[in-house]
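Engineer:
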Amino acid sequence: MPSPAPVSWIVVADPAALALAAAQRLLARIDANAGRAAIGLAGGSSPKQLYQLLASDAYSKRIPWDRVHWFIGDERFVPASDARNNMLMAREIFLGRFAPRDHIHPIPTDVADPDESANRYERELKSFYGADDFDPARPLFDLVLVGVGPDGHTASLFPNYPAIAETNRWVVGVPKAHVEPFVPRVTLTLPALASCHEMLFEIAGEEKHAILTRLLAGESLPANRARSIGETVFLVDRAAADGDLRGG
Ligand code: 6PG
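If you use this note's numbering, the sequence shown corresponds to residues 901 to 1148, in order.
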């Protein structure tokens, strides 16, 4: 039997250290791939400091922009210019300044509804991947970045919603969110998120401690069901860990 894909927990001092560790891992994954690399970005506020770091001289000069493609794991179904749009933050902070335009792959929201958006994004991912089915020997993404919500959701896979049980589709529409902002969502499914060399969770702040305790207890929450077929890494700061984990 193949051995289970590894899951590791890394505790760092604070959100700045967390962004630094995430940037280093992201760069290492890009460096490990000599060809075209694909990164799945995350929404929410957790990745903001990482994105700022990627825009800094130290990192922007080390990223081979001409061979990296940028996707997003989930999107709020609002216009691309709406402040709640996940890709907007990534665009404003770093992508818009450095990435070739055709290397930025947003989930489209200028379409009729979240289902149509999901269909289009799934087609785009399949075309980029060059196949309609995942080959475990050839993950779609080099790295997928994810966060965890207070209810244990990740991307826009909310607890007990039908999307979490999806095994066939790569992207689905979610008509109603379980947490703020209460706008429809479009999300990659568990199999699509799993198709990566590394899934990297960023969890920071004392407000995340309660959900982290539930994750560590092994509750069957979306964030505990999202796992890479390669390596899954939880980057946690001390305030979120609050004694539950050692390190950093
Ligand atoms: C979103 C997300 C979501 C997010 C978590 C954590 O669109 O909101 O992609 O899954 O990553 O809710 O959000 P914070 O980083 O804001 O805590």
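Quick reminder that beta carbons are idealized off the backbone N, C-alpha and C, glycines included.
Please confirm whether W1070 and E1022 have their CB atoms less than 7 Å apart.
Structural biologist: Working through the sequence shown from its first residue, we reach residue 1070 at position 170. Working through the sequence shown from its first residue, we reach residue 1022 at position 122. Yes; because the gap between Cβ atoms is below 7 Å, this pair is in contact.
Engineer: Which residues bound the alpha helix (DSSP H) around A916?
Structural biologist: Translated into positions along the sequence shown, residue 916 becomes position 16. Unbroken alpha helix (DSSP H) run through A916: P915 to A932.
Engineer: Buried or exposed for P1039, going by 16 or more other Cβ atoms inside 10 Å?
Structural biologist: Working through the sequence shown from its first residue, we reach residue 1039 at position 139. That one is buried.
Engineer: Under three-state DSSP, which class holds S1027?
Structural biologist: For this step, residue 1027 is matched to residue 127 along the sequence shown. Three-state result, S1027: helix.
Engineer: Any contact of the stretch 1133-1145 with the stretch 912-929, i.e. 3+ C-beta pairs under 8 Å?
Structural biologist: These segments touch.
Engineer: From N1060 to N1019, what distance separates their C-alpha atoms?
Structural biologist: Here residue 1060 refers to the residue found at position 160 of the sequence shown. Here residue 1019 refers to the residue found at position 119 of the sequence shown. So the alpha carbons of these two residues sit roughly 22 Å apart.
Engineer: Nearest to V907 by CA position, among P947, K1108, H1109 and A1094, is which residue?
Structural biologist: In the sequence shown, residue 907 corresponds to position 7, counting from 1. When only C-alpha atoms are compared, the closest one is A1094.
Engineer: Below 6 Å CB to CB, which residues in the same chain sit around R936 once its five sequence neighbours on both sides are set aside?
Structural biologist: Here the question's residue 936 lines up with position 36 in the sequence shown. If we look at R936 and ignore the five residues flanking it on each side, its Cβ neighbours are R967.
Engineer: Quick check: what's the CA-CA separation for S1120 versus L1045?
Structural biologist: In the sequence shown, residue 1120 corresponds to position 220, counting from 1. In the sequence shown, residue 1045 corresponds to position 145, counting from 1. Going from the Cα of S1120 to the Cα of L1045 covers about 20 Å.
Engineer: For G1143, count neighbouring Cβ atoms within 10 angstroms of its own Cβ and tell me buried if that reaches 16, exposed if not.
Structural biologist: As a working mapping, residue 1143 is identified with position 243 in the sequence shown. Exposed: under 16 other Cβ atoms inside 10 Å.
Engineer: Going by the beta-carbon positions, is the gap between P1014 and F1041 smaller than 7 Å?
Structural biologist: On the sequence shown, position 114 is the one that residue 1014 refers to. On the sequence shown, position 141 is the one that residue 1041 refers to. Their beta carbons are not under 7 Å apart, which means P1014 does not touch F1041 by this criterion.
Engineer: If you check the beta carbons only, do L953 and A923 fall under 7 Å apart?
Structural biologist: In the sequence shown, residue 953 corresponds to position 53, counting from 1. In the sequence shown, residue 923 corresponds to position 23, counting from 1. The answer is yes: Cβ separation under 7 Å.
Engineer: Would you report the Cα separation of V1133 and W909, rounded to the nearest angstrom?
Structural biologist: The residue you call residue 1133 lines up with position 233 of the sequence shown. The residue you call residue 909 lines up with position 9 of the sequence shown. The straight-line gap from Cα to Cα measures roughly 6 Å.
Engineer: Does the beta-carbon of G1047, which I'm using as the reference point, lie nearer than 6 Å to any heavy atom of ligand 1?
Structural biologist: In the sequence shown, residue 1047 corresponds to position 147, counting from 1. Yes, ligand 1 has a heavy atom inside 6 Å of this Cβ.
Engineer: For the structure I just gave you, are there three or more beta carbon pairs, one from the stretch 1111-1127 and one from the stretch 1070-1089, closer than 8 Å?
Structural biologist: No: the two stretches stay apart, fewer than three of their Cβ pairs being nearer than 8 Å.
Engineer: Thinking I963 and I993 are a contact (beta carbons under 8 Å), I'd like their distance in whole angstroms, please.
Structural biologist: Along the sequence shown, read from residue 1 onward, the residue named residue 963 stands at position 63. Along the sequence shown, read from residue 1 onward, the residue named residue 993 stands at position 93. About 14 Å separates the two Cβ atoms, so there is no contact after all.
Engineer: Under 7 Å between the Cβ atoms of S1128 and G1047?
Structural biologist: Position 228 of the sequence shown holds residue 1128. Position 147 of the sequence shown holds residue 1047. No, these two residues do not count as a Cβ contact at 7 Å.
Engineer: Using only the alpha-carbon positions, how far apart do R949 and A1012 sit?
Structural biologist: Position 49 of the sequence shown, counting from 1, holds the residue named residue 949. Position 112 of the sequence shown, counting from 1, holds the residue named residue 1012. A small fix is needed here, since residue 949 is Gln in this sequence, not Arg. Approximately 33 Å between the Cα atoms of the pair.
Engineer: By alpha-carbon positions, which one of G973, I1007 and A1141 ends up nearest to S981?
Structural biologist: For the purposes of this step, residue 981 is taken as residue 81 along the sequence shown, with counting starting at 1. Measuring from the Cα of S981, the nearest candidate turns out to be I1007.
Engineer: Please determine, among G1105, E1066, E1107 and P1084, the residue with the shortest C-alpha to C-alpha distance to R1125.
Structural biologist: On the sequence shown, residue 1125 is found 225 positions in, with the first residue counted as 1. Cα-wise, what sits closest to R1125 is E1066.
Engineer: Mapping DSSP to helix, strand and coil, what is S1120?
Structural biologist: For the purposes of this step, residue 1120 is identified with residue 220 of the sequence shown, where counting begins at 1. DSSP places S1120 in coil when its eight states are reduced to three.
Engineer: Identify which residue in I1064, A1055, V1074 and P1062 has its Cα closest to the Cα of L1100.
Structural biologist: Residue mapping note: residue 1100 aligns to position 200 of the sequence shown, counting from 1. It is A1055.
Engineer: Does the distance from the CB of H1003 to the CB of F971 come in under 7 Å?
Structural biologist: Walking along the sequence shown from the start, residue 1003 turns up at place 103. Walking along the sequence shown from the start, residue 971 turns up at place 71. No.
Engineer: Thinking just about the alpha-carbon of each residue, which of R997, G1052 and D1010 is nearest to the one in W965?
Structural biologist: Stepping through the sequence shown from its first residue, residue 965 is reached at position 65. The candidate whose alpha carbon is nearest that of W965 is R997.
Engineer: Less than 7 Å separating the beta-carbons of G973 and G940?
Structural biologist: For this step, residue 973 is matched to residue 73 along the sequence shown. For this step, residue 940 is matched to residue 40 along the sequence shown. Their beta carbons are under 7 Å apart, which means G973 touches G940 by this criterion.
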